[in-house]
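Report on the structure given below.
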Amino acid sequence: MKTKGIVRGIVSNLVTVEVDGPVSENEICYITTSEGVELMAEVIKVNGNLASVQVFESTRGLKGGNSVEFEGRMLEVTLGPGLLSSTYDGLQNDLTTMTGVFLKRGEYTDPLNREKLWDFTPIAKPGDSVIAADWLGEVKEGWLPHKIMVPFSFNGTYTVESVKEAGQYNVDTVIAVLRNEDGEKVDVTMTQKWPVKVAIKGYKEKPRPNKIMETGVRVIDTLNPIAEGGTGFIPGPFGCGKTVLQHAIAKQGDADVIVMAACGERANEVVEIFTEFPELIDPHTGRHLMERTTIICNTSNMPVAAREASVYTAMTICEYYRAMGLKCLLLADSTSRWAQALREMSNRMEELPGADAFPVDLSAIISNFYARAGMVVLNNGETGAVTFIGTVSPAGGNLKEPVTESTKKAARCFYALEQNRADQKRYPAVGPLESYSKYLDYPEIRQYLDETIEPGWVDKVLTAKNIIRRGKEASEQINILGDDGVPMSYHVNFWKSELVDFVILQQDAFDAIDALCPLERQRFMLDLVLEICARDYDFEDFEKCREFFKTLINELRQMNYSAYESEQFKAYNDSVKKMIA
Amino acid sequence: MNKAYQKIYTKLEGITKATVSLRAKGVSNDELAVVGGRLAQVVRIKGELITLQVFSGTEGIPTNAEVTFLGEPPTLKVSDQLSGRFFDAYGHPIDGGPEIEGEERQIGGPSVNPYKRRQPSQLIPTGIAGIDLNNTLVSGQKIPFFADPDQPYNQVMADVAIRADVDKIILGGMGLTNDDYLFFRHRFEQAGALDKIICFINTTENPPVERLLVPDMALTAAEYFAVDKNEKVLVLLTDMTLYADALSIVSNRMDQIPSKDSMPGSLYSDLAKIYEKAVQLPTEGSITIIAVTTLNDGDITHAIPDNTGYITEGQLFLRADSDTGKVIIDPFRSLSRLKQLVQGKKTREDHSQVMNASVRLYADAQNAKTKLENGFDLSDYDHRCLAYAKDYARELLAIDVNISITEMLDTAWKLFAKYFSPAETGIKQALIDKYWKS
Chain A
26 MKTKGIVRGI
36 VSNLVTVEVD
46 GPVSENEICY
56 ITTSEGVELM
66 AEVIKVNGNL
76 ASVQVFESTR
86 GLKGGNSVEF
96 EGRMLEVTLG
106 PGLLSSTYDG
116 LQNDLTTMTG
126 VFLKRGEYTD
136 PLNREKLWDF
146 TPIAKPGDSV
156 IAADWLGEVK
166 EGWLPHKIMV
176 PFSFNGTYTV
186 ESVKEAGQYN
196 VDTVIAVLRN
206 EDGEKVDVTM
216 TQKWPVKVAI
226 KGYKEKPRPN
236 KIMETGVRVI
246 DTLNPIAEGG
256 TGFIPGPFGC
266 GKTVLQHAIA
276 KQGDADVIVM
286 AACGERANEV
296 VEIFTEFPEL
306 IDPHTGRHLM
316 ERTTIICNTS
326 NMPVAAREAS
336 VYTAMTICEY
346 YRAMGLKCLL
356 LADSTSRWAQ
366 ALREMSNRME
376 ELPGADAFPV
386 DLSAIISNFY
396 ARAGMVVLNN
406 GETGAVTFIG
416 TVSPAGGNLK
426 EPVTESTKKA
436 ARCFYALEQN
446 RADQKRYPAV
456 GPLESYSKYL
466 DYPEIRQYLD
476 ETIEPGWVDK
486 VLTAKNIIRR
496 GKEASEQINI
506 LGDDGVPMSY
516 HVNFWKSELV
526 DFVILQQDAF
536 DAIDALCPLE
546 RQRFMLDLVL
556 EICARDYDFE
566 DFEKCREFFK
576 TLINELRQMN
586 YSAYESEQFK
596 AYNDSVKKMI
606 A
Chain B
1067 MNKAYQKIYT
1077 KLEGITKATV
1087 SLRAKGVSND
1097 ELAVVGGRLA
1107 QVVRIKGELI
1117 TLQVFSGTEG
1127 IPTNAEVTFL
1137 GEPPTLKVSD
1147 QLSGRFFDAY
1157 GHPIDGGPEI
1167 EGEERQIGGP
1177 SVNPYKRRQP
1187 SQLIPTGIAG
1197 IDLNNTLVSG
1207 QKIPFFADPD
1217 QPYNQVMADV
1227 AIRADVDKII
1237 LGGMGLTNDD
1247 YLFFRHRFEQ
1257 AGALDKIICF
1267 INTTENPPVE
1277 RLLVPDMALT
1287 AAEYFAVDKN
1297 EKVLVLLTDM
1307 TLYADALSIV
1317 SNRMDQIPSK
1327 DSMPGSLYSD
1337 LAKIYEKAVQ
1347 LPTEGSITII
1357 AVTTLNDGDI
1367 THAIPDNTGY
1377 ITEGQLFLRA
1387 DSDTGKVIID
1397 PFRSLSRLKQ
1407 LVQGKKTRED
1417 HSQVMNASVR
1427 LYADAQNAKT
1437 KLENGFDLSD
1447 YDHRCLAYAK
1457 DYARELLAID
1467 VNISITEMLD
1477 TAWKLFAKYF
1487 SPAETGIKQA
1497 LIDKYWKS
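Chains A and B are the protein sequences, given in the same order. Numbering-wise (our numbering), the first sequence opens with residue 26 and increments by one. Numbering-wise (our numbering), the second sequence opens with residue 1067 and increments by one.
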């Protein structure tokens, strides 16, 4: 029997409920308003017979005495074919099928199309012995093979009794019957449910990532690459190009599935995705971007509690596709808004606050979440990956704040967007010296880069970083002592670093060619730039030095704007070679 | 709100400067109440202990004050009669006119389904080149002025409102001085724009907590005209810093733990709820929000401007220019995030190149100025940049400029030709060939 309760207290979206039976942490309940609207809420604290629940909707008009019914389950998502190219709110309601211009309180829509027929092909055979997450069959979702799996919640070993023959079925069709160890038969359909706050396991092992995920963004791939199954974060003050960079990664990232969680950000940015993505083509497959993209959208004006849920919903969908042996990329913009949602609730529960009034366990919550990313080896030996990149919006642009600091402990790549680079329009404004990728230290990644790009690649990357560091030191000296007060080598060092900056670091996200720079091209450009920088130069005066490098930079930038290996590209290359001969 | 039977409570258990608490039954969250003749709203229910936020403050309220609950959150009556009227924070006329008749709507209602929005694409011309040329506004956008208290932001906003090609202008004044209120009123009258103006005014003479109602009142009216009537609505909110201050007063009185700069932890969500009402609807209707956030000595890292910057689509900075003695729109720190949606699409093809070139040359002038201040010699180019900067500030950046966008572009070309060679502007050759004024 379901536990029932009565509303006893309300502060904003935190409601205290007196319960008449057992409730569990994170259990879902529905509160019925006086008008008969049911509002979904989640238990976040229990004290005696009083449960504190966070309501995923506005609590306007709720009264002391309203009735509550507990569901005996946690917040779940529905998994199955049709998740891709959908647009959901933080609780996985399909936003496209909602009626009316305004979001209606208590309107919950089905995340999957129940009528649509899918082309099913069986994989498992009767008599097969299977466990949770094993593949039973497959449907084509767009161009992706969407595996129908033994539900993740199944414990122990099952024997396949029967599997549907190839044909067209909707998601609710029983496609397999399994028998458990006790001999009981269980039906399996194309869908299953899973609680979002629990990581989907069902894999054999989670090794260290051993290859990089190409994004086509030089400052990431060349300087600080992110691993497939890796984690990274992008902190930056407003106006530094966080969203442009994230969108670039979403458009170009080498992944089978992309889930974008717009978490507490501007609605117009999500509209931009709706408007642009259907037009755009995935550079890796030539298919429409939307076919591989799921959008989870809880914009800043939508209910705060659902904002927290939205990142978990997004992660769970990624884990689901990972279990099919696919490469998934999760982008969350921004995790600071999620942390603020936690802060608002903690505040209302009158918990003792940590730094900046954030809850004390913020760091643990963030680490736990980042830990759900990763590459896995499935039970059948195939691999899948969830790569996670989150943005952080530090208050006042100051990186010494709890969310940035906690995330720094959890994420392996750090892409610091800098105000002064943005002011100088040096985009993407990723600071070359503060940013890092710990994957460059992984022997497996070094080996991968040696094999796929060229031998000794990481050393070249470190050389480029060092050129920038030396250039920065030189520029500081020049600023103190004046142009005439330093030896010529300082000017040369400074301009070498400007060369790396303008040609490798900076990239025009709005130029059709420059926006996407494949790894092969990145190798070519870095080799060329390092070749130039490896030489010694001497000039009569610093004006000559500036002129020489400015011309060189211009030629190289024109190369970036030209199609790779085109006549134009080669012509600029020849002219560069002539200049340094 | 007339109920046949209304229970009257007469025993307050607690009083702070902004809230009172009492025991009552059957009270709903967010509903209004009257405490000793003053309007109040339920902000916390704890068993039978109800906390009410008293909008006009609790001065002089006795523990035996009469309390009645009205059963409804704050509402506004909406109809075409709103046009041309002035109201207080509660939506009561303050212009001596009759009460409004119309449909009663709860303020602070639900948000637009993001999937039902359209990408903003209509230009809002203001005649001010610092805005139209460099930071073009688009309908459905939300953008604040970041200004120090001594700057003429209200004047600029009034100009923008009057010149903008919109169907309705809704002013939400929070902590407006009486002088500024009269200024707006006079300015709108003078411009003959009264019939499309609606004002919700809380002046410095009114209690600060009342301000919390103003944005929701203004935006409820805006939604009526944008959604129901498919009109282009411009909402002006001044000053959002005073609104945020009122939020912190209430949260403080409710013993909430403050976060950065003693602002409530929910400041981001509270501000986003207001600003995100800006929308381009699939119909012609739209709500555009221009707000003012006053700064403390230009400090944008303070929690109020900082959170605002993360929510809004850009910001406009006012700055006193010492070269010309005029107030200009700072071209470096100002930004309209949506400008690329209209520049060159709704305006002439050379717009974005001219904008970039003119700002870049202005930046060169700033460098020359620094050189000059540090006692270095100036080159010929530096001198030309400095002279250009003066003209550029006077003829384009100053807030008293009022010309069409095509005239702005022509003015910029004129200045380029006066001081520079085509190559020095770095503009695409095709555009130079077409527009260069030799």
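We put the beta carbon where it would ideally sit given N, CA and C, even for glycine. All values reported here derive from a predicted model rather than from experimental measurement.
Rank the options by C-alpha distance to the C-alpha of residue i and give the top, closest one.
i	options	result
A/Arg233	A/Lys29, A/Ala398, A/Asp386	A/Ala398
B/Ile1395	B/Asn1179, B/Leu1115, B/Ala1084, B/Asp1214	B/Asp1214
A/Ser154	A/Val483, A/Arg204, A/Thr41	A/Arg204
B/Gly1239	B/Leu1333, B/Glu1473, B/Phe1152, B/Ile1465	B/Phe1152
B/Tyr1075	B/Val1109, B/Phe1135, B/Phe1121, B/Glu1125	B/Phe1135
B/Asp1372	B/Gly1162, B/Met1306, B/Ser1317	B/Met1306
B/Glu1114	A/Gly90, A/Leu581, A/Gln271	A/Gly90
A/Val211	A/Lys222, A/Asn235, A/Ala191, A/Val185	A/Val185
A/Lys575	A/Glu565, A/Ala331, A/Val528	A/Val528
A/Thr71	A/Val80, A/Tyr55, A/Glu60, A/Glu50	The sequence shown places Val at residue 71 of chain A, not Thr. Checked all of A/Val80, A/Tyr55, A/Glu60, A/Glu50; the closest Cα to A/Val71 is A/Glu50.
B/Ser1504	B/Lys1494, B/Tyr1485, B/Gly1492	B/Tyr1485
A/Ile200	A/Met174, A/Asn405, A/Leu506, A/Val62	A/Met174
Starting from the C-beta of residue i, find all residues in its chain whose C-beta is less than 7 Å away, skip the five residues before and the five after it, and write them out in chain order.
i	result
A/Arg20	Residue 20 of chain A is absent from the structure shown; chain A starts at 26 and stops at 606.
A/Asp381	Glu426, Pro427
B/Tyr1247	Gly1239, Ile1267, Thr1269
Excluding sequence positions up to five away, which residues of its chain have a Cβ less than 6 Å from the Cβ of residue i?
i	result
A/Tyr452	Gly266
A/Gly34	Thr41
A/Cys542	Gly241, Arg243
B/Asp1387	Ile1394, Ala1459
A/Thr256	Tyr395, Ala398, Phe413, Ala436, Arg437
B/Leu1404	Pro1186, Val1204, Gln1207, Glu1379
B/Thr1413	Ile1471
B/Lys1069	In this prediction, B/Lys1069 has a pLDDT of 49, which is less than 50 and means its spatial position is unreliable; what the coordinates show is noted afterwards. There are no such residues.
At 7 Å on the CB atoms, spell out the chain B contacts of residue i, in chain order.
i	result
A/Phe9	No information on residue 9 of chain A is available, as it lies outside the stretch 26 to 606 that chain A covers here.
In terms of residues, what are the limits of the beta strand (DSSP E) holding residue i?
i	result
A/Leu169	169-174
A/Gln217	217-220
B/Pro1210	1208-1213
A/Pro260	256-260
B/Thr1374	Premise fails: B/Thr1374 lies in the alpha helix (DSSP H), 1369-1377, not in any beta strand (DSSP E).
B/Ala1344	Here B/Ala1344 belongs to no beta strand (DSSP E), and DSSP marks it neither H nor E.
B/Ala1106	1104-1112
A/Cys265	Where A/Cys265 is concerned, there is no enclosing beta strand (DSSP E), given that its DSSP letter is neither H nor E.
Along chain A, which residues have their Cβ under 9 Å away from the Cβ of residue i?
i	result
B/Lys1326	Asp381, Ala382, Ala420, Gly421, Glu426
Excluding the 5 residues flanking residue i on each side, which residues of the same chain have their C-beta closer than 8 Å to its C-beta?
i	result
B/Lys1456	Asp1389, Thr1390
A/Ala606	none
A/Asn598	Leu553, Met584
What residue does the alpha helix (DSSP H) around residue i start on, and which one ends it?
i	result
B/Tyr1334	1333-1341
A/Ser600	592-605
B/Asn1268	From DSSP, B/Asn1268 is part of no alpha helix (DSSP H) but of the beta strand (DSSP E) over 1263-1269.
B/Ile1236	Here B/Ile1236 belongs to no alpha helix (DSSP H); instead the beta strand (DSSP E) covers 1234-1242.
A/Leu551	544-559
B/Gln1419	1417-1439
A/Val80	Premise fails: A/Val80 lies in the beta strand (DSSP E), 75-80, not in any alpha helix (DSSP H).
Using a C-beta to C-beta distance shorter than 7 Å, which residues of chain A count as neighbours of residue i?
i	result
B/Ser1332	Glu369
Using a cut-off of 8 Å between C-beta atoms, extract the partners of residue i located in chain A.
i	result
B/Asn1179	Leu120, Met123, Gly125, Val126, Phe127, Leu128
Taking 8 Å as the threshold, find out whether the region 384-391 of chain A comes into contact with the region 428-435 of chain A through three or more Cβ pairs. Verdict: yes, contact present.
Item checked: At least three beta-carbon pairs within less than 8 Å, the region 90-101 of chain A to the region 27-43 of chain A -> Short answer: they touch.
task: Check whether the region 332-348 of chain A touches the region 409-426 of chain A, taking contact to mean three or more Cβ pairs, one atom from each stretch, closer than 8 Å.
output: yes
Segment contact flag, the region 1270-1289 of chain B with the region 1172-1190 of chain B, C-beta cutoff 8 Å, min 3 pairs = yes
Within 8 Å, do at least three Cβ pairs link the region 210-226 of chain A to the region 363-376 of chain A?
Between the region 363-376 of chain A and the region 210-226 of chain A, the count of Cβ pairs shorter than 8 Å is below three; the stretches do not touch.
Within the chosen definition, does the region 1244-1256 of chain B reach the region 1136-1149 of chain B through at least 3 CB pairs nearer than 8 Å?
-> As far as the Cβ criterion goes, the region 1244-1256 of chain B does not touch the region 1136-1149 of chain B, which means the pair count is below three.
query: Using 8 Å as the Cβ pair cut-off and three pairs as the minimum, do the region 550-569 of chain A and the region 480-499 of chain A touch?
result: yes
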